[in-house]
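K.L.:
Please see the structure below; I have some questions.
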Amino acid sequence: MKITVLSSTLSENALGRAYILAKALERNYEVEFIGLVTDKGVWPPCDTGEFPYIKIKKGNFFKNFFQIYQKISGDVVYAIKPLPASFGVALAAKVFSGKPLILDIDDWELGFNIQDYKEGKTSLLKFIRIYLTLATLEKLTFLANKLTTVSTFLNERFGNRGVFVPHGRDVEAFDLKKFDVEKTKKDLELTDKKVIMFLGSIKPHKGLEDLLSAAKLAAKKIEKLKVVLVGVNFQDIWTKKLIQENKNLVFPVGFIKFDEIPKYLAAADLVVLPQKDTLETKGQIPAKVFDAMSMAKPIISTDVSDIRKILDGCGVVIEPDNIEKLLEEIKLLLTDTEKAKELGAKAREKCVKEYSLKVMEDKLKDVFSQYEKKRTE
-2 MKITVLSSTL SENALGRAYI LAKALERNYE VEFIGLVTDK GVWPPCDTGE
48 FPYIKIKKGN FFKNFFQIYQ KISGDVVYAI KPLPASFGVA LAAKVFSGKP
98 LILDIDDWEL GFNIQDYKEG KTSLLKFIRI YLTLATLEKL TFLANKLTTV
148 STFLNERFGN RGVFVPHGRD VEAFDLKKFD VEKTKKDLEL TDKKVIMFLG
198 SIKPHKGLED LLSAAKLAAK KIEKLKVVLV GVNFQDIWTK KLIQENKNLV
248 FPVGFIKFDE IPKYLAAADL VVLPQKDTLE TKGQIPAKVF DAMSMAKPII
298 STDVSDIRKI LDGCGVVIEP DNIEKLLEEI KLLLTDTEKA KELGAKAREK
348 CVKEYSLKVM EDKLKDVFSQ YEKKRTE
């Protein structure tokens, strides 16, 4: 059976979820991958050569809509996010071609739109236009044959009919035992450094300012402390300003390929992902949590969405915006190496059991298998 994966973009970090889903699907099915691309090209971390992306140059909406629709050749369409260029086109394929439609929801898109307007990032007219589009698509999600999702909030918002499909990780590739930590630190020019690592897209709701505030204070007690930021967009003004203000503390790294993530994580003494409590994060689960878990790294994160449940018994979860508590936990885990090692081992054990690529594969097999049977009848 052939599955068409529709991603609203191939050029931004939203491609990450679609990429991992496609990797899990290709273990059992033929996968066709279609999406819009800008002049920036394919988002670097996912530009690995694993998938022959069918790229549609982003331009006129109606032209793009028709171009994507024409390219669909799968037996089932898997739309990633309830957005016009993915779910909208998939609805057309269902109505006019009778193709089963599965919808994946890993973010609350309306929440992002509302938060952008509240922060003055978008005009009133643009906010209204986008809001009406997203709200309409949300109302139409009942037309999907099945939903997959990542969090309790999103499942409840969309009618409690979603199948939980985690951001699975290849636990064989993401295995700390395959790396010489000291050699890796040397290769990355981090010899003798105490490394706090933050991975992923750097945006205000990710809590990076809180991390840097706490790390500055921790550096007064812990020698040779560095905050390594992996996934830096050096063209982003806000990010550049943040790095410049903390240039003696921060070690910035640009975009890296997905298969390079384990190497960088091997150099981390601690991973900190201090999500803010905003409309953007209500349903969001940072995929980098699972990268760190698989690599047996101690993790500090915040009590947002399902993070407390995910890290229960294997990580440290604090309240958002609590810099004092964040500082306390950073100092504890960077000085108590046995505690850090114990948490890391438990995190990997849980990841292998509940959040591996194999678990993801099995869950997707359950979702898509009924359409495979219908096709062969």
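The numbering of the sequence shown is the numbering used here, which starts it at -2 and goes up by one.
C-beta atoms are modelled at their ideal positions from N, C-alpha and C, and glycine is treated no differently.
This one's a predicted model, so the numbers in the text were calculated from it and none came from an experiment.
Could you check which residue in Lys123, Lys20, Pro283 has the C-alpha nearest to that of Asn10?
P.N.:
Checking every option, the nearest Cα to that of Asn10 belongs to Pro283.
K.L.:
Would you kindly check if the distance between the Cβ of Met357 and the Cβ of Leu197 is under 7 angstroms?
P.N.:
Position check: residue 197 holds Gly in this sequence, whereas Leu was assumed. Result no, Cβ atoms of Gly197 and Met357 do not sit closer than 7 angstroms.
K.L.:
Straight-line CA distance for Lys52 to Lys96?
P.N.:
Those two C-alpha atoms are separated by around 21 angstroms.
K.L.:
Quick one: residues in its chain with C-beta nearer than 6 angstroms to the C-beta of Asp36, no 5 flanking neighbours on either side, listed in chain order?
P.N.:
Closer than 6 angstroms at Cβ, skipping near neighbours: no residue.
K.L.:
Cα-Cα, which of Pro79, Ser148, Ile297 is closest to Phe139?
P.N.:
Minimum Cα distance to Phe139 is reached at Pro79.
K.L.:
Using the rule of at least 16 other Cβ atoms within 10 Å of the residue's Cβ for burial, across every protein chain shown, is Glu326 buried or exposed?
P.N.:
That one is buried.
K.L.:
In whole angstroms, give me the CA-to-CA distance for Asp101 and Lys218.
P.N.:
Cα to Cα, the separation comes out at about 45 angstroms.
K.L.:
Give the DSSP-derived three-state secondary structure of Pro376 in the structure shown.
P.N.:
Absent from the model: residue 376. The displayed extent of the chain is -2 to 374, so no value can be given.
K.L.:
Would you decide whether Lys347 is buried or exposed? Buried here means 16 or more other CB atoms lie within 10 Å of its CB.
P.N.:
It counts as buried.
K.L.:
Tell me the residue span of the beta strand (DSSP E) that contains Asp113.
P.N.:
Run containing Asp113: none in the beta strand (DSSP E); it sits in the alpha helix (DSSP H), 106 to 115.
K.L.:
CB Thr130 to CB Val74, shorter than 7 angstroms?
P.N.:
No.
K.L.:
Measure from the alpha carbon of Gly46 to the alpha carbon of each residue in Tyr16, Ile65, Ser70, then state which is nearest.
P.N.:
The candidate whose alpha carbon is nearest that of Gly46 is Tyr16.
K.L.:
Sort Leu324, Pro49, Lys279, Ser148 by Cα distance to Gln112 and report the nearest one.
P.N.:
If we check each option's Cα against that of Gln112, Lys279 comes out closest.
K.L.:
Considering only the alpha carbon of each residue, which of Thr119, Thr275, Tyr66, Asp266 lies closest to Thr332?
P.N.:
Cα-wise, what sits closest to Thr332 is Asp266.
K.L.:
Grab me the residues of Leu151's own chain with a C-beta within less than 6 angstroms of its C-beta, minus the 5 sequence neighbours each way, in chain order.
P.N.:
Excluding residues within five positions, the ones whose Cβ falls inside 6 angstroms are Ile102, Gly280.
K.L.:
Spatial neighbours of Tyr368 within its chain, please: C-beta separation below 6 angstroms, excluding the five flanking residues on both sides.
P.N.:
Correct list, in chain order: Val73, Pro97.
K.L.:
My understanding is that Ser4 touches Ser83, with C-beta atoms under 8 angstroms, so please give their C-beta distance in whole angstroms.
P.N.:
Right, their Cβ atoms sit about 6 angstroms apart.
K.L.:
Can Val168 and Ala264 be called in contact, C-beta distance under 7 angstroms?
P.N.:
No; because the gap between Cβ atoms is not below 7 angstroms, this pair is not in contact.
K.L.:
Hey, Lys174 and Lys182 are a contact pair by Cβ (cut 8 angstroms); roughly how many whole angstroms apart?
P.N.:
That belief does not hold up - the Cβ atoms of Lys174 and Lys182 are roughly 16 angstroms apart, past 8 angstroms.
K.L.:
If Val250 sits next to Leu226, beta carbons under 8 angstroms apart, how far is it from one beta carbon to the other, in whole angstroms?
P.N.:
Correct: roughly 6 angstroms between the Cβ atoms.
K.L.:
Would you mind working out which of Ala211, Ile69, Phe59 sits nearest Leu270, comparing C-alpha positions?
P.N.:
It is Ala211.
K.L.:
Quick one: Cα of Leu134 to Cα of Leu187, how far?
P.N.:
Those two C-alpha atoms are separated by around 47 angstroms.
K.L.:
Grab me the residues of Val224's own chain with a C-beta within less than 6 angstroms of its C-beta, minus the 5 sequence neighbours each way, in chain order.
P.N.:
Once the five neighbours on either side are set aside, the close Cβ partners of Val224 are Ile193, Ala212, Leu246, Val247.
K.L.:
Contact between the stretch 291 to 305 and the stretch 334 to 344 is defined here as three or more beta-carbon pairs at a separation below 8 angstroms; is this criterion met?
P.N.:
With the cut-off at 8 angstroms, the stretch 291 to 305 and the stretch 334 to 344 touch.
K.L.:
What residues match up with Lys54 in a beta bridge as DSSP calls it?
P.N.:
Answer is Val34, bridged to Lys54.
K.L.:
Report yes if the CB atom of Cys43 is closer than 7 angstroms to the CB atom of Leu12, and no otherwise.
P.N.:
For Cys43 and Leu12, yes; Cβs fall inside 7 angstroms.
K.L.:
Alpha carbon to alpha carbon, how far is Val349 from Gln272? Give it in angstroms, no decimals.
P.N.:
Their backbone Cα atoms lie some 24 angstroms apart in a straight line.
K.L.:
In chain order, what residues of the same chain have a beta carbon less than 7 angstroms from the beta carbon of Val86, not counting five sequence neighbours either side?
P.N.:
Contacts found: Leu3, Phe62, Ile65, Tyr66.
K.L.:
Assign Ile77 to one of two classes, buried (16 or more other C-beta atoms within 10 Å of its C-beta) or exposed (fewer than that).
P.N.:
Per the 10 Å Cβ criterion, buried.
K.L.:
Pull up the DSSP beta-bridge partners for Met194, would you.
P.N.:
Note: Met194 sits in a beta bridge opposite Val225, Val268.
K.L.:
Measure the C-alpha to C-alpha separation of Leu323 and Ile315 and round it to an integer number of angstroms.
P.N.:
So the two alpha carbons sit approximately 7 angstroms from each other.
K.L.:
Take Phe171 as the anchor and find which of Ala21, Asp288, Thr6, Phe48 has the nearest alpha-carbon.
P.N.:
Of the listed residues, the one whose Cα sits closest to Phe171 is Asp288.
K.L.:
From the DSSP output, in three-state form, read off Leu100 for me.
P.N.:
Three-state DSSP puts Leu100 in a strand.
K.L.:
Quick one: grab the DSSP three-state call for Phe248.
P.N.:
Residue state, collapsed to three classes: strand.
K.L.:
Can you check which of these residues, Asp184, Leu22, Lys54, Gly56, is closest to Phe382 by C-alpha distance?
P.N.:
One cannot answer for residue 382 here, as it falls past the ends of the chain, which runs -2 to 374.
K.L.:
For Ile99 versus Lys143, is the C-beta spacing smaller than 7 angstroms?
P.N.:
In this structure, Lys143 lies closer than 7 angstroms to Ile99 by Cβ.
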